[in-house]
Ligand SMILES: Nc1ncnc2c1ncn2[C@@H]1O[C@H](COP(=O)(O)OP(=O)(O)OP(=O)(O)O)[C@@H](O)[C@H]1O
Ligand SMILES: [Mg+2]
């Protein structure tokens, strides 16, 4: 099993879009993929046309329901572990459990004894949270999603420090990379920041994903970009990001 945590300090930068489409890209390369929605927004399911309410945050999970019981197959071929539609009390109890056992997710995932080639892609809420620390603690690889703007750039030191805290020094952690999302050729400041990020992060740039309406339209149809428009720029970009991930995992 390899665990890819998709994270960002800022909200709305495209983590869920990347999680869903990266999962599909890895699945298209022949790897079994489990996409995990570790965000109480519970929105990753919409990328997979799944409208069920079971999931991680429901009280059963902390009382011993195995994760394998709540994983759902999807039309895209990716297995989905939804956050679930839970009550406020259930969310608070779940977060208390995550705060109490810092390796909760990691232990649950290892408890499933998944095959070596299984890819687990974890979507997270923005910024520091119990969810982010759980995802980073379980990660083999962290994909930091940023926009090529000053706001995202300013958050990079915070994200680096979180990765240092939860990942670096762990023997099963491989590396982190930066995925630059919503790149627009016509935007001069965006181009400049992209250039600075490429120079600074070099081999750690997972890839550039251009702004492509097809990526947001795919969500409106409950599909991933490969189902919705396989010849689009978004599909090409996401496929390249998948290839970076596989290379970095040594596959
Ligand atoms: N490359 C892209 N091109 C066009 N639209 C995009 C792209 N990436 C993301 N979007 C759109 O931007 C919006 C925010 O994306 P998304 O929900 O994936 O962000 P997020 O980081 O998961 O947000 P949150 O922090 O709330 O979890 C969505 O409407 C999505 O369709
Ligand atoms: Mg999201």
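Numbering (my numbering), first residue to last: -4 to 246.
We put the CB at the ideal spot given by N, CA and C, even for glycine.
Item to check | residue 170 CB to nearest heavy atom of ligand 2 below 7 angstroms | outcome: As a working mapping, residue 170 is identified with position 175 in the chain shown. Checking the Cβ of residue 170 against ligand 2 gives no.
Item to check | Contacts around residue 38, its chain only, beta-carbon distance under 8 angstroms, and the 5 residues preceding and following it disregarded | outcome: One-based indexing of the chain shown puts residue 38 at position 43. So the qualifying residues of the chain are 11 and 32.
Checklist entry - With burial defined as no fewer than 16 other Cβ atoms inside 10 Å of the residue's Cβ, what is the status of residue 85: buried or exposed? => result If you number the chain shown from 1, residue 85 lands on position 90. Classification for residue 85: buried.
Checklist entry - Which residues, in chain order, sit with a beta-carbon under 5 angstroms away from any heavy atom of ligand 2? => result 10 and 11
Checklist entry - When the cut-off is 8 angstroms and only beta carbons count, does residue 57 lie next to chain B? => result Absent from the structure: chain B. Only one protein chain is present.
Checklist entry - Considering only the beta carbon of each residue, do residue 103 and residue 132 sit closer than 8 angstroms? => result Mapped onto the chain shown, residue 103 falls at position 108. Mapped onto the chain shown, residue 132 falls at position 137. No, these two residues do not count as a Cβ contact at 8 angstroms.
Checklist entry - DSSP state of residue 161, grouped into three classes? => result Along the chain shown, read from residue 1 onward, the residue named residue 161 stands at position 166. Reduced to three states, the DSSP call for residue 161 is helix.
Next on the checklist: Between residue 174 and ligand 1, is there a pair consisting of the residue's CB and a ligand heavy atom that are separated by less than 7 angstroms?
Outcome noted: Within the chain shown, the letter at position 179 stands for residue 174. Checking every heavy atom of ligand 1 against the Cβ of residue 174, none is found closer than 7 angstroms.
Next on the checklist: residue 232 and residue 188 - do their beta-carbons sit closer together than 8 angstroms?
Outcome noted: Within the chain shown, residue 188 is the residue found at index 193, counting from 1. Within the chain shown, residue 232 is the residue found at index 237, counting from 1. Not in contact: residue 188 and residue 232 (Cβ atoms no closer than 8 angstroms).
Item to check | Beta-carbon proximity of residue 223 to residue 212, cut-off 8 angstroms | outcome: For the purposes of this step, residue 223 is taken as the residue at position 228 of the chain shown. For the purposes of this step, residue 212 is taken as the residue at position 217 of the chain shown. Contact: yes.
Item to check | Cβ distance (whole Å) where residue 169 is taken to contact residue 243 below 8 angstroms | outcome: Within the chain shown, residue 169 is the residue found at index 174, counting from 1. Within the chain shown, residue 243 is the residue found at index 248, counting from 1. That belief holds up - the Cβ atoms of residue 169 and residue 243 are roughly 6 angstroms apart, short of 8 angstroms.
Item to check | Nearest neighbour of residue 28, chosen from 210, 15, 50 and 36 [CA to CA] | outcome: As a first step, residue 28 is located in the chain shown; it is residue number 33 there, counting from the start. The residue with the shortest Cα to Cα distance from residue 28 is 15.
Checklist entry - For residue 27, is the beta carbon positioned less than 7 angstroms from some heavy atom of ligand 1? => result Translated into positions along the chain shown, residue 27 becomes position 32. No, Cβ of residue 27 sits at least 7 angstroms from all heavy atoms of ligand 1.
Next on the checklist: Short of 8 angstroms in beta carbon distance, which residues of its chain neighbour residue 8, apart from the five on each side in sequence? Order them along the chain.
Outcome noted: Along the chain shown, one-based indexing puts residue 8 at 13. Result list for residue 8: 121, 140, 141, 142, 147, 176 and 177, in chain order.
Next on the checklist: Can you find the residues in the same chain that come closer than 7 angstroms, C-beta to C-beta, to residue 129, ignoring five residues on each side of it along the sequence?
Outcome noted: Start at 1 with the first residue of the chain shown, and residue 129 comes out as number 134. Hits under 7 angstroms: 33, 93, 99 and 100.
Checklist entry - Can you list, in chain order, the stretches of the alpha helix (DSSP H) that have 4 or more residues and sit fully within the segment 112 to 153? => result 125 to 133 and 145 to 149
Item to check | For residue 67, three-class secondary structure by DSSP | outcome: As a working note, residue 67 is residue 72 in the chain shown. Strand, per DSSP.
Next on the checklist: I need the straight-line Cα distance from residue 247 to residue 219, nearest angstrom please.
Outcome noted: Outside the shown range of the chain, which is -4 to 246, sits residue 247, and nothing can be said about it.
Item to check | Residues bridged to residue 171 [DSSP beta-bridge criterion] | outcome: As a first step, residue 171 is located in the chain shown; it is residue number 176 there, counting from the start. DSSP lists 137 as partners of residue 171.
Item to check | Sub-8 angstroms separation of residue 75 and residue 149 beta-carbons | outcome: As a first step, residue 75 must be located in the chain shown, where it is residue number 80. As a first step, residue 149 must be located in the chain shown, where it is residue number 154. No, they are not a contact pair.
Next on the checklist: Can you give me the C-alpha to C-alpha distance between residue 194 and residue 151, rounded to a whole angstrom?
Outcome noted: Taking the chain shown and counting its residues from 1, one reaches residue 194 at position 199. Taking the chain shown and counting its residues from 1, one reaches residue 151 at position 156. Distance between the alpha carbons of residue 194 and residue 151 is about 15 angstroms.
Item to check | DSSP beta-bridge partners of residue 9 | outcome: As a first step, residue 9 is located in the chain shown; it is residue number 14 there, counting from the start. Residue 9 pairs with nothing; no bridge assigned.
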